[in-house]
Amino acid sequence: MKEFYFNHDGNIDDLVSYLLFLQAPEIKLLGVGAIDADGYVDPSVEVCRKLTNRFNTRGDKLEVAKSNSRAVNQFPEAWRTASYSFNSLPILNESGKMVTKEADQPAHLDMVTKLENATAPVTVVMTGPLTDLARALDAAPEIETKIEKLYWMGGSLDGHGNVVQVNADGTQEWNAFWDPYAVERVLASNIPMEVIGLESSEELPLTNELKMHWAGLRKYPAVDLAGQAYSLLVNPPIQTAQLYFWDILTVISALYPEVVLTAEKRKVKVITKGTAAGRMEEDPNGREITLVTKADKDLFFKKFDELLMRAK
Numbered sequence: 000m001k002e003f004y005f006n007h008d009g010n011i012d013d014l015v016s017y018l019l020f021l022q023a024p025e026i027k028l029l030g031v032g033a034i035d036a037d038g039y040v041d042p043s044v045e046v047c048r049k050l051t052n053r054f055n056t057r058g059d060k061l062e063v064a065k066s067n068s069r070a071v072n073q074f075p076e077a078w079r080t081a082s083y084s085f086n087s088l089p090i091l092n093e094s095g096k097m098v099t100k101e102a103d104q105p106a107h108l109d110m111v112t113k114l115e116n117a118t119a120p121v122t123v124v125m126t127g128p129l130t131d132l133a134r135a136l137d138a139a140p141e142i143e144t145k146i147e148k149l150y151w152m153g154g155s156l157d158g159h160g161n162v163v164q165v166n167a168d169g170t171q172e173w174n175a176f177w178d179p180y181a182v183e184r185v186l187a188s189n190i191p192m193e194v195i196g197l198e199s200s201e202e203l204p205l206t207n208e209l210k211m212h213w214a215g216l217r218k219y220p221a222v223d224l225a226g227q228a229y230s231l232l233v234n235p236p237i238q239t240a241q242l243y244f245w246d247i248l249t250v251i252s253a254l255y256p257e258v259v260l261t262a263e264k265r266k267v268k269v270i271t272k273g274t275a276a277g278r279m280e281e282d283p284n285g286r287e288i289t290l291v292t293k294a295d296k297d298l299f300f301k302k303f304d305e306l307l308m309r310a311k
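Counting with numbering that gives the first Met the number 0, you get residues 0 to 311 for the letters of the sequence shown.
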């Protein structure tokens with residue numbers, strides 16, 4: 000049975016990603032941590048506890064770890080409030096009880112503990128900044144050998160980013176910009192990395208047609224929850240941009256590698272200072288990663304639906 004650890008930053012895609020992890024068959028989820036980045040960490044942790052209460056299909060013994068990592072560059076406040084809205088959705092609060100506990104350790108140390116105690120190689124999936132993993136590696140370098148592979152949603156190698164701020168030149172992706180030094184630390188490790196960048200999911204947009212599709216499947220509680228969650232998204236992070244399923248592709252590709260149609264080996268480095276901080280660049284002397292370049296659209300949405308429809 001494949002073992003996973005999930006670390007995310009608490010926006011809608013991240014929280015739906017956790018919902019998918021709770022439904023996936025024939026895996027073991029060792030732990031989950033939330034970091035204070037694209038979503039506020041306190042409501043993000045509460046949502047994960049409530050999701051575990053309601054949708055823990057496999058019955059994994061889970062506590063939710065709250066990160067105490069801090070940003071080098073914080074996400075815009077307007078993006079981060081979605082975690083509060085998600086936390087108020089009725090299906091998560093119907094029972095009126097909070098059974099799942101918050102972990103005693105902060106997220107990076109929770110990751111260390113879970114990896115140290117793992118009985119098999121662990122797949123680590125991260126849909127936010129890499130800071131908790133970087134801190135975990137600094138605290139306990141030996142855990143590197145316990146990680147079979149890292150799947151990370153972050154970065155961009157095609158020259159465009161999604162950061163629009165006065166202290167950035169616009170070439171960087173937000174998860175890398177949040178803490179460029181963490182990206183540098185993880186790239187310095189020997190952990191195999193599969194990266195879902197901004198360019199990795201262009202065939203997987205969030206559309207009104209997809210929202211209507213979910214509306215027709217409301218009898219499935221997890222589909223209904225996902226549909227309500229995505230209805231909270233009125234405007235994309237960049238007003239002229241299309242939203243894509245970057246985080247969801249990261250999770251589904253970790254669970255079902257066949258969803259990835261094409262991927263390329265690239266050698267990369269990250270810039271840590273100046274207005275280009277967070278930008279990942281190709282470098283012949285850099286660290287090799289696997290960059291996802293195309294996904295199987297039909298299979299992706301088939302697995303997305305199948306996982307959500309498993310919940311009772």
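Glycine is no exception: its CB is placed at the ideal position from the N, C-alpha and C atoms.
Separation of residue j from residue i, as counted between CA atoms
i: Asp295; j: Ser252; result: 10 Å
i: Gly158; j: Thr170; result: 6 Å
i: Ser68; j: Thr292; result: 30 Å
i: Asn52; j: Met97; result: 7 Å
i: Ile190; j: Val123; result: 10 Å
i: Gly215; j: Ala221; result: 13 Å
i: Gln104; j: Trp177; result: 22 Å
i: Leu136; j: Arg217; result: 42 Å
i: Pro140; j: Asn207; result: 45 Å
i: Ile237; j: Gly285; result: Residue confidence is low: Ile237 scores 47 on pLDDT, short of 50, so the model does not pin down where it sits. Its coordinate-derived value is still stated next. Their Cα atoms are separated by approximately 30 Å.
i: Asp282; j: Leu156; result: 11 Å
i: Val111; j: Leu129; result: 14 Å
i: Lys301; j: Glu198; result: 21 Å
i: Thr56; j: Ala275; result: 43 Å
Sheet register partners of residue i (DSSP bridge)
i: Asn6; result: Gly32 and Met125
i: Tyr243; result: Pro204
i: Met192; result: Leu149
i: Ile26; result: Lys1
i: Ala262; result: Val291
i: Glu101; result: Val63
Residue range of the alpha helix (DSSP H) that includes residue i
i: Thr130; result: Thr130 to Ala138
i: Met110; result: Ala106 to Asn116
i: Glu76; result: Glu76 to Arg79
i: Glu183; result: Pro179 to Leu186
i: Ala221; result: Pro220 to Tyr229
Option in the options with minimal Cα separation from residue i
i: Leu242; options: Leu29, Asn10, Val124 and Leu129; result: Asn10
i: Glu257; options: Ile90, Asn52, Asp297 and Leu91; result: Asp297
i: Ser66; options: Pro120, Ala133, Glu263 and Thr118; result: Ala133
i: Lys268; options: Val259, Glu280, Ala262 and Leu260; result: Glu280
i: Asp12; options: Ser43, Leu260 and Gly95; result: Ser43
i: Ile247; options: Ala23, Gly277 and Ala167; result: Ala23
Residue i, DSSP secondary structure in three states
i: Arg57; result: coil
i: Ala64; result: strand
i: Thr249; result: helix
i: Leu197; result: coil
i: Val15; result: helix
i: Val267; result: strand
i: Met279; result: strand
i: Tyr83; result: helix
Delimiting residues of the beta strand (DSSP E) encompassing residue i
i: Tyr150; result: Ile146 to Met152
i: Ala294; result: Arg286 to Ala294
i: Glu257; result: No beta strand (DSSP E) holds Glu257; DSSP gives it neither H nor E.
Within-8 Å CB hit, residue i to chain D
i: Lys60; result: Of the protein chains in this structure there is only one, and it is not chain D.
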